[in-house]
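In case it helps, our numbering puts the sequence shown at residues 8 to 492.
We put the beta carbon where it would ideally sit given N, CA and C, even for glycine.
Taking it in order: structure first as structure tokens, then the write-up.
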Amino acid sequence: MKVNLGQRTFMLGTVATIVLGAIALAVLGAGSIVAWEYSNSNAFCTNNCHAVHPEEPRAYAVYAHARVQCVECHMGRLPTLQLMTLKAAHYHELLGMITGYKRPLNATTLRPARDSCEGCHWPSVNHDDKVRTKVHYDIDAKSTETRTRLVVHTGSGEAREKATRGIHWHIDQNVEYVSDDPQKRTIPWVRITGKDGKSTTYFDAASKVSRAEMDQAPKNRFECAECHNAAGHPFVNPSDRVDNAILEGKIDRSLPSIKARALAIIDKAAPIHGVMEEQIPKFQQIIADAAPKGEMKPKVKAAEAQFAATMLEILKLSEFESKDLTWKSFPNHVGHKDSPGCFRCHDGKHFNEKGEAIRLQCTLCHDIPQVSVEGTVKTVASTIMADVTPPDSHNEPNWMRDHRAKIDDSCAMCHGPIKWGKDGGSFCANPACHGRTWPSLDLNTEPAKVTAPAKAAEPAKAAEPAKAAEPAKAAEPAKKAAATK
């Protein structure tokens, strides 16, 4: 009996131990899952793991990837065990939170695009062209509207490869580069390896870094983030935010000089820094001071109230807590309006050993912009017909800079009357091209001022237009072009 009782007691104890152990394992497992999920949350990443710039979560929350978790870009969409290994390798971020560290201006832990971006976006697909319309409002009393229509060549694929056009060509090929800047604002060295295994190396002839240093430096493969570096939390030019707000009806354009007033508010708010909760009352005061005084009609009063609310949101997304930072501290490499972007390589002065430059040809990525200014004439598209082959000069690396010195009557066959200017009305009077400046690009710089490699000197010189061969009638348009630029 005692033995049996002892056996029963022993068996009951074993069962209880197993049950309790199973419950403990279940609780531990559930807790681990909860802890793992929390460690992958945006709240953990931005507050507990490392203190990123407080402006980044705000920018992220209103942009296209707001439903994509931080870890999906910074660690990738990988198997759980691999993610655990990667997370352990980020211990230095937690250490920085404890010991203190300077908030970085660029990410150093982004995974290759194949592990992250390409989980949703497949660049090799033969995409169609996309039409983009950029809307801008002037600072005159009517806040005059300007619309710029672009046909953007975003695809790659076989058709694009044959035409050597398409933005995604850059990542569908083996393109390597070296940058001498952590934010990749400059790219002095580029190597392109074709599918036949042959390579061509281009070097920025005006770079302050030597060619030998670049040849020995570690090479980076060109992929999505080289252009889409701000896809997660971009800091947008506040002037563009104002334009978008007017376009969307959040700011009433009928209010006098409303674009100019918005920019004046942004300028006054720029010197203010500190915790955002402390900045907001100061922003509100600046907006109130800029409001018109006296009695207003109900409709105008409502429009002014909406303007004030919208401007406060724009300031909250545009201003920084640190006095050393602005939206310009975080360049967006897509395009070339506020930062060099495309012109980091396509500037007409990256030469190979044959003296050939990476092409400075706007139409590689988009058609000639079509601009429509409210109340004035529009730009005129080229009248070229399908069976007409453009002259070889149009494919020269520096054609976008040199074309003004190569004008003759034959140009009118496709482009109509050659009337220089920047106000529209003819093909050559395009305000999207003339009368403005681009970051790091000077279309007025002559090739002679660029120090190309020794082997490249003679071909580069040969590419210069022969002044004596120019028709006399081309001289006057060339002078006008220089003035226009």
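The region 269 to 276 makes contact with the region 242 to 255, as at least three CB pairs between them are under 8 Å. The region 350 to 358 makes contact with the region 366 to 377; the number of CB pairs closer than 8 Å reaches 3 or more. Closest by C-alpha distance to F210, out of K361, V378, H410, A297, is K361. Secondary structure at I273: helix, using DSSP grouped into helix, strand and coil.
The residues P263, S264, in chain order, have a CB closer than 7 Å to that of A148 in the same chain once the five nearest residues on each side in sequence are set aside. In the DSSP assignment, D211 falls outside any alpha helix (DSSP H) and lies within the beta strand (DSSP E) extending over 206 to 211. In the displayed model, A364 falls within a strand according to three-state DSSP. For V138, DSSP records a beta bridge to V158. Inclusion of E328 and V282 in the CB contact set at 9 Å is warranted, their separation being smaller than that value. Exposed is the label assigned to R74, since fewer than 16 other Cβ atoms lie within 10 Å of its Cβ. Per DSSP, the continuous beta strand (DSSP E) segment holding R198 begins and ends at 196 to 200.
Per DSSP, V249 lies in no beta strand (DSSP E) segment; the continuous alpha helix (DSSP H) that holds it begins and ends at 245 to 254.
Per DSSP, Q377 is not a residue of any alpha helix (DSSP H); the beta strand (DSSP E) it occupies stretches across 377 to 380. Linking I30 to V41 through their CA atoms gives a straight-line distance of about 16 Å. In the same chain as G432, and ignoring 5 residues on each side of it, the C-beta atoms closer than 6 Å to its own belong to V384, in chain order. Around the Cβ of T396, a 10 Å sphere holds fewer than 16 other Cβ atoms; the residue is exposed.
Secondary-structure assignment with DSSP links Y144 through a beta bridge to E152.
By the C-beta criterion, the region 170 to 184 is judged to be in contact with the region 195 to 209, since at least 3 inter-stretch pairs fall below 8 Å.
Exclusion of the five residues before and after L90 leaves M82 as the residues of its chain whose Cβ lies within less than 7 Å of its Cβ.
Each of D179, S150, S48 was checked against the Cα of S261, and the nearest Cα belongs to S150. When secondary structure is reduced to three states using DSSP, L102 falls in the helix class.
Separation of P130 and P305 (C-alpha to C-alpha, rounded to the nearest whole angstrom) is 52 Å.
Unbroken alpha helix (DSSP H) runs of no fewer than 4 residues, entirely contained in the region 292 to 343, are found at 305 to 325, following chain order.
In the DSSP annotation of this structure, the continuous segment of the alpha helix (DSSP H) that includes E220 starts and ends at 218 to 223. Under the three-state reduction of DSSP output, H175 falls in the coil class, being neither helix nor strand.
Shown here, F358 sits in a strand according to DSSP, grouped into three states. No residue range can be given for Y108, since it is assigned to no alpha helix (DSSP H) and is classified by DSSP as neither H nor E.
CA-to-CA, the gap between E152 and K429 works out to about 16 Å. Sorting V142, C440, Y45, T208 by C-alpha distance to the C-alpha of T155 places V142 at the top. Note on V138: under 16 other CB atoms within 10 angstroms of its CB, so exposed under the neighbour-count rule. Counting the other CB atoms within 10 Å of its CB gives Y144 a total of 16 or more, which places it among the buried residues. For G204 and Q180, the gap between their C-alpha atoms comes out near 11 Å.
Within the model, the alpha-carbon separation for G423 versus D399 is close to 19 Å.
Note that the C-beta distance between C77 and G301 is not below 9 Å. In this model, C56 and Y67 are separated by some 18 Å (Cα to Cα). Distance from the CA atom of E326 to the CA atom of P225, rounded to whole angstroms, is 36 Å.
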